[in-house]
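Since the structure comes first, as structure tokens, the remarks are kept for the end.
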Amino acid sequence: MGLRPLIEACIRKDSRAQRELYHRLAPQMLGVCYRYARDKSEAEDMLQEGFVKMYQNLGKYQHTGSFEGWVRRIMVNTAIDCLRRRRHQSQEVEIEEVQHENLAVDFIDELELEYLYQLIQELPDGYRLVFNLYAIEGYSHEEIGRKLGITASTSRSQYARARALLKKRICEDRMETNIFRDVI
Numbered sequence: 004m005g006l007r008p009l010i011e012a013c014i015r016k017d018s019r020a021q022r023e024l025y026h027r028l029a030p031q032m033l034g035v036c037y038r039y040a041r042d043k044s045e046a047e048d049m050l051q052e053g054f055v056k057m058y059q060n061l062g063k064y065q066h067t068g069s070f071e072g073w074v075r076r077i078m079v080n081t082a083i084d085c086l087r088r089r090r091h092q093s094q095e096v097e098i099e100e101v102q103h104e105n106l107a108v109d110f111i112d113e114l115e116l117e118y119l120y121q122l123i124q125e126l127p128d129g130y131r132l133v134f135n136l137y138a139i140e141g142y143s144h145e146e147i148g149r150k151l152g153i154t155a156s157t158s159r160s161q162y163a164r165a166r167a168l169l170k171k172r173i174c175e176d177r178m179e180t181n182i183f184r185d186v187i
């Protein structure tokens, strides 16, 4: 079934069409959710909540632009909502300032994607959220500020700190690897 008829069937609450649409989009959208979640379980919760919102709003889709892009926005917004709820439920985490801002080599460009995603998952929630929105989703700092209720300069600061933490961790991992090689 083509995308447009599939969407129209979903609007009519056709459960087979909903299942098919879910199976087409879920793997990619789970990846989107996972970038914002602490773990797989939380990512799956975000995914389910995002699909509920998508099905509820399918009638608003104008069939202009990418449907996957439209769904991605819903998933990102759902992830942000989930993180806001979680932030209100838990304490803010303070982290130390990182002094490794001026590294001679930017190792991030050389990393395997999976390793980079693992490092991103380890960032504190606020830093991870801004990093994902800016570096991966392509939002501007002004858009991030409006979306999260922070200033653009706070977004830039959190992004810079996220990058610094990533660089620090990468350098630490590289040093451990080199030490291990020297021992062998």
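All residue numbers for the sequence shown refer to the working numbering, where the first residue is 4 and numbers rise by one. Note that CB positions come from ideal geometry on N, CA and C, so glycine has one too. Just so you know, these numbers come straight off a predicted model, no measurement behind them.
Taking the C-alpha atoms as reference points, what is the distance between Ser18 and Asp84? In the sequence shown, counting from the first residue as 1, residue 18 sits at position 15. In the sequence shown, counting from the first residue as 1, residue 84 sits at position 81. Distance between the alpha carbons of Ser18 and Asp84: 27 Å.
Starting from the Cα of Val55, find the closest Cα among Gln161, Arg89, Cys13 and give me that residue. As a position in the sequence shown, residue 55 is number 52, starting the count at 1. Comparing Cα positions, the closest option is Cys13.
Quick check on the burial criterion: 16 or more other C-beta atoms within 10 angstroms. Buried or exposed for Gln161? By 1-based counting over the sequence shown, the position of residue 161 is 158. Gln161 is buried by the Cβ-count criterion.
Beta carbon of Tyr137, beta carbon of Ile123: below 8 Å? Here residue 137 corresponds to residue number 134 of the sequence shown, with the count starting at 1. Here residue 123 corresponds to residue number 120 of the sequence shown, with the count starting at 1. Not in contact: Tyr137 and Ile123 (Cβ atoms no closer than 8 Å).
Sequence-distant residues of its chain with Cβ nearer than 7 Å to Glu140 (five each side left out): Here residue 140 corresponds to residue number 137 of the sequence shown, with the count starting at 1. Val79.
Residue of His66, Pro30, Thr67, Ala163 minimising C-alpha distance to Leu126: As a working note, residue 126 is residue 123 in the sequence shown. Per the Cα distances, Ala163.
Counting C-beta neighbours from all protein chains within 10 Å, is the total for Asn60 16 or more, i.e. buried, or is it exposed? Here residue 60 refers to the residue found at position 57 of the sequence shown. Asn60 comes out exposed.
Could you have a look at Asp112 and say whether DSSP puts it in helix, strand or coil? Here residue 112 refers to the residue found at position 109 when the sequence shown is read from its first residue. Residue confidence for Asp112 is low, a pLDDT of 46 falling below 50, so the modelled location carries little weight; the figure read from the coordinates is stated next. The DSSP-derived three-state label of Asp112 is helix.
Give every residue of the same chain whose Cβ lies closer than 8 Å to the Cβ of Thr154, excluding the five residues on either side of it in the sequence, and list them in chain order. Numbered from its first residue, the sequence shown carries residue 154 at position 151. Excluding residues within five positions, the ones whose Cβ falls inside 8 Å are Gly148.
Enumerate, from N- to C-terminal direction, the unbroken alpha helix (DSSP H) stretches of 4 or more residues contained entirely within the stretch 108 to 176. Complete alpha helix (DSSP H) runs here, min 4: 116 to 124, 128 to 134, 144 to 151.
Going by DSSP in three states, His21 sits in which element: helix, strand or coil? Stepping through the sequence shown from its first residue, residue 21 is reached at position 18. Reading off the sequence shown, one finds Gln at residue 21, where the question assumed His. It is helical.
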